[in-house]
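Sequences listed follow chains C and V, in order.
Heads up, the first sequence is in my numbering, so the first residue is 1 and it goes up one at a time.
Heads up, the second sequence is in my numbering, so the first residue is 1001 and it goes up one at a time.
Data block below; observations after.
2 protein chains.
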Amino acid sequence: MKLSTKIEAFVSHFGEMGSRWGFNRTVGQMYALLMVYNRPLNADEISEMLSISRSNVSMGIKELHSWRLLKVTHYPGDRKEYYKAPEDIIEVARIVLEERHKREVAPTLTMLRQEIMREPVSDEGKHAQQRMTEIYELIDSVSKAVDEVAALSSKDLAKMMKLGSGVASVFNFKDRLLGKGKPDDGAAE
Amino acid sequence: MKLSTKIEAFVSHFGEMGSRWGFNRTVGQMYALLMVYNRPLNADEISEMLSISRSNVSMGIKELHSWRLLKVTHYPGDRKEYYKAPEDIIEVARIVLEERHKREVAPTLTMLRQEIMREPVSDEGKHAQQRMTEIYELIDSVSKAVDEVAALSSKDLAKMMKLGSGVASVFNFKDRLLGKGKPDDGAAE
DNA sequence: CCATTTTTTCAGAAGTTTCTGTAATTTGTA
DNA sequence: TACAAATTACAGAAACTTCTGAAAAAATGG
Chain C
1 MKLSTKIEAF VSHFGEMGSR WGFNRTVGQM YALLMVYNRP LNADEISEML SISRSNVSMG
61 IKELHSWRLL KVTHYPGDRK EYYKAPEDII EVARIVLEER HKREVAPTLT MLRQEIMREP
121 VSDEGKHAQQ RMTEIYELID SVSKAVDEVA ALSSKDLAKM MKLGSGVASV FNFKDRLLGK
181 GKPDDGAAE
Chain V
1001 MKLSTKIEAF VSHFGEMGSR WGFNRTVGQM YALLMVYNRP LNADEISEML SISRSNVSMG
1061 IKELHSWRLL KVTHYPGDRK EYYKAPEDII EVARIVLEER HKREVAPTLT MLRQEIMREP
1121 VSDEGKHAQQ RMTEIYELID SVSKAVDEVA ALSSKDLAKM MKLGSGVASV FNFKDRLLGK
1181 GKPDDGAAE
């Protein structure tokens, strides 16, 4: 079962990059394959196509399930499970965004809230508290923005992408904001 | 040289999360410390405060430099270099965003462009090409949006954060988009 | 409820990354 | 230029992650 060179390149690249995106090489390769292959694949096929052990595939599938990134199909007369990525690639991006937020950002916000609460005892602690507050507010703003974007439908997002203007609106906003304000009211704090 | 519990909690958390953000535990701890400490620190101080070897600090500093995340100071009569994070935390976020984009996203875009170019030879390859095109367009849109946001000044970003409306504008945009169009013109393709 | 297929678990092997101490290099000063 | 202070490079040790094969568990159908 030989892969086309196109798929091979894609899979191999995703394997290397994969760890950056929160999973390991094999899981990255597996998902790359499932995203571009033209039909759902079962665990044995994945194992053979990527030359990795069947058990490794099993662990990878478990991991991808925990990311909610798999669609499972069955074929009549075949007991195996067949896996594929969602058709809608924007949906994939949305899920990855949400999961990473939940796993990486939310715990940090919790920690920061707790530590900011505590009354600082030293100058050192006072300064740290100040800094943590700034960091908290930044991450919190970004989180909220991400939540809101993730709440948009794929259709809306696709339209915005197509118009290349998800950010143009931010610029309009910026111009409104800066255009009318007193020019020197600009200190961040 | 004992750290306040506040800083300890922050440093330790950033160490654990750090790897997610693209650097290892020690580098995460080092940068956490430099972000919240109330004065610049030299390599020996960092080494002692975090109980890691001097040479490890040296490697960490090198790594952080490559991310452009350090400000270096000198004190008269002291030959040591003193390090701190930029005062402006939004600047830090901007740099991390840019660097991660450069390291993680740009190579993927290059690979995708190359593979999409190649004429597919099989049905398998044809389908993969189609999928890669969708992925390319998604990543490319997000990249451009990120570039544009990163190009805004910290002041503007701080204002937008404060108003909690970096995304409200996107919603306005969405409403304009959806409100006036034919209601059924909604297929993503 | 047994036989067979399929999936999952898990202990240890293999591989990778991180960290340290030592040694080499660089920097600054007299 | 010589010296001391400071930084960096690097080989190997320690720690951690990933992967495999074997065995256990679960699912399916007769």
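We put the beta carbon where it would ideally sit given N, CA and C, even for glycine.
Length of the line joining the Cα atoms of residue i and residue j
i: C:Y82; j: V:V1149; result: 40 Å
i: C:V36; j: C:I46; result: 13 Å
i: C:L64; j: V:S1019; result: 20 Å
i: V:R1118; j: V:L1112; result: 10 Å
i: C:S51; j: C:H101; result: 32 Å
i: C:G15; j: V:I1061; result: 28 Å
i: V:M1017; j: V:S1122; result: 43 Å
i: C:Q114; j: V:L1069; result: 26 Å
i: C:S143; j: C:K80; result: 39 Å
i: V:D1078; j: V:T1110; result: 47 Å
i: V:I1139; j: V:M1049; result: 41 Å
i: C:Y75; j: C:K2; result: 23 Å
i: C:K126; j: C:V105; result: 24 Å
i: C:S58; j: V:A1128; result: 24 Å
i: C:I7; j: V:S1141; result: 23 Å
i: V:Q1029; j: C:E124; result: 17 Å
i: V:A1168; j: V:D1044; result: Reliability fails at V:A1168, whose pLDDT of 49 lies under 50, so the model's placement of it is uncertain and the value that follows must be treated cautiously. Near 47 Å, if we compare the C-alpha coordinates of V:D1044 and V:A1168.
i: V:N1042; j: V:S1004; result: 18 Å
i: C:A151; j: C:P120; result: 38 Å
Given residue i as reference, the closest of the options once Cα atoms are compared
i: C:L157; options: V:T1026, V:E1119, V:E1099 and V:A1145; result: V:A1145
i: V:R1103; options: V:G1022, V:K1002, V:F1010 and V:I1052; result: V:G1022
i: V:T1108; options: C:T5, C:K2, C:L3 and C:F10; result: C:F10
i: C:R54; options: C:R20, C:V27, C:H101 and C:R94; result: C:V27
i: V:D1088; options: C:Q130, C:D88 and C:M59; result: C:Q130
i: V:V1092; options: V:Q1114, V:T1005, V:E1008 and V:S1153; result: V:S1153
i: C:E137; options: V:G1125, V:V1142, V:D1147 and V:K1162; result: V:K1162
i: C:K155; options: C:K2, C:Y75, C:M49 and C:I90; result: C:I90
i: C:D147; options: C:P120, C:R94 and C:I7; result: C:R94
i: C:R25; options: C:N56, C:D44 and C:A151; result: C:N56
Under the three-state DSSP convention, the category residue i falls into
i: V:K1071; result: strand
i: V:L1041; result: strand
i: C:K2; result: coil
i: V:R1103; result: helix
i: V:E1081; result: strand
i: V:E1010; result: A quick correction: the sequence has Phe, not Glu, at residue 1010 of chain V. Looking at V:F1010 - three-state DSSP - the assignment turns out to be helix.
i: V:G1166; result: Bear in mind that a pLDDT of 48 at V:G1166, under 50, signals an unreliable position, so the number given afterwards is only what the model happens to contain. Of the three classes helix, strand and coil, the one that applies to V:G1166 here is coil, per DSSP.
i: C:N56; result: helix
i: C:E148; result: helix
i: C:R118; result: coil
i: C:G18; result: helix
i: V:D1088; result: coil
i: V:S1153; result: coil
i: V:S1066; result: helix
i: V:S1143; result: helix
i: V:S1047; result: helix
Sequence-distant residues of the same chain with beta carbon closer than 6 Å to residue i, five excluded per side
i: V:V1096; result: none
i: V:K1084; result: L1034, P1040 and K1071
i: C:I135; result: none
i: V:T1073; result: P1040 and Y1082
i: C:W67; result: E99
Contact set for residue i: own chain, Cβ-Cβ below 7 Å, skip 5 residues either direction
i: V:T1133; result: I1116
i: V:P1086; result: K1071 and V1092
Cβ-based neighbour list, residue i, same chain, cut-off 8 Å, excluding 5 preceding and 5 following
i: V:H1013; result: A1032
i: V:N955; result: This structure cannot speak to residue 955 of chain V, because chain V is shown only from 1001 to 1189.
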